[in-house]
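First the structure, in the form of structure tokens, and then the observations on it.
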Amino acid sequence: MTGRLDENERQSLLPALGETGWGGVPDRDGIRKILKFRSFSEAWGFMSRIALVAEKMGHHPEWSNVYNVVDITLTTHHCDGLSMQDIELARAIDKLAGAATVQKDHSEPVECLCKLHAR
């Protein structure tokens, strides 16, 4: 069973993920990333590729998809916090994100293309 990351692991592993847009989740031991794709199909294709990786790892993200936006939270439920599985899945997500843009400020509202087209 995978255990929670210790303080040394967090200090050595999390800064690199922070540079790619992963941020902490308030009131929870997890990391979050918001990705915006050019279309719904790109977002869906990305999610399909990640689903295959996650299934192979036996570790699944918490995520939502609205049109072109994929909002992902990673945490390991059986240890109630961040584990190496989260780090490995985050790295895989980063490799497969392609041309997606990253919303680094998680305090800002997330706007998908459908809202922009409605204006």
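Every letter in the sequence shown is one number past the one before it in numbering that gives the first Met the number 0, and letter 111, counting from 1, is 110.
Don't be surprised by glycine CBs; every beta carbon is placed ideally from N, CA and C.
Can you tell me whether DSSP reads residue i as helix, strand or coil?
{"i": "valine 101", "result": "strand"}
{"i": "serine 82", "result": "strand"}
{"i": "tryptophan 43", "result": "helix"}
{"i": "valine 52", "result": "helix"}
{"i": "glutamate 87", "result": "helix"}
{"i": "cysteine 111", "result": "coil"}
If residue i sits next to residue j, beta carbons under 8 Å apart, how far is it from one beta carbon to the other, in whole angstroms?
{"i": "asparagine 64", "j": "leucine 112", "result": "At roughly 12 Å, the Cβ-Cβ gap does not stay under 8 Å, so asparagine 64 and leucine 112 are not in contact."}
{"i": "glutamine 84", "j": "threonine 72", "result": "Incorrect: roughly 14 Å between the Cβ atoms, too far for contact."}
{"i": "valine 101", "j": "lysine 32", "result": "7 Å"}
{"i": "phenylalanine 39", "j": "valine 69", "result": "Actually they do not touch by this definition, with Cβ atoms about 10 Å apart."}
In the DSSP assignment, find the unbroken alpha helix (DSSP H) run with residue i in it and report its ends.
{"i": "asparagine 7", "result": "6-18"}
Of the residues the options, which one's Cα is nearest the Cα of residue i?
{"i": "alanine 53", "options": "Leu95, Thr100, Val101, Gly23", "result": "Leu95"}
{"i": "arginine 48", "options": "Val24, Gly97, Gly17, His105", "result": "Gly97"}
{"i": "threonine 1", "options": "Phe36, Lys103, Gly80, Leu34", "result": "Gly80"}
{"i": "glycine 57", "options": "Arg9, Leu88, Leu4", "result": "Leu88"}
{"i": "histidine 77", "options": "Ile92, His59, Ser40", "result": "His59"}
{"i": "glycine 29", "options": "Leu4, Lys35, Glu107", "result": "Leu4"}
{"i": "tryptophan 43", "options": "Asn7, Glu18, Trp62, Lys55", "result": "Trp62"}
{"i": "aspartate 104", "options": "Glu6, Arg9, Ala15, Thr19", "result": "Thr19"}
{"i": "alanine 91", "options": "Glu107, Val69, Ala50, Arg27", "result": "Ala50"}
{"i": "aspartate 93", "options": "Lys35, Lys55, Ser40, Glu6", "result": "Lys35"}
If you follow the beta strand (DSSP E) that residue i is part of, which residue opens it and which one closes it?
{"i": "threonine 72", "result": "68-73"}
{"i": "aspartate 28", "result": "27-35"}
{"i": "serine 38", "result": "Serine 38 -> no beta strand (DSSP E), and no H or E assigned at all."}
{"i": "serine 63", "result": "61-65"}
{"i": "glycine 2", "result": "Looking at the DSSP string, glycine 2 is not in any beta strand (DSSP E), and its letter there is neither H nor E."}
{"i": "glycine 22", "result": "22-24"}
Does the distance between the C-beta of residue i and the nearest non-hydrogen atom of the ligand GDP fall short of 7 Å?
{"i": "histidine 77", "result": "Annotation note on the ligand GDP: not contained in the displayed structure, which lists no ligands."}
Step through the CB atoms of chain C and report whether any lies within less than 8 Å of the CB of residue i.
{"i": "aspartate 26", "result": "Judged by its chain identifiers, the structure shown contains no chain C, having just a single protein chain."}
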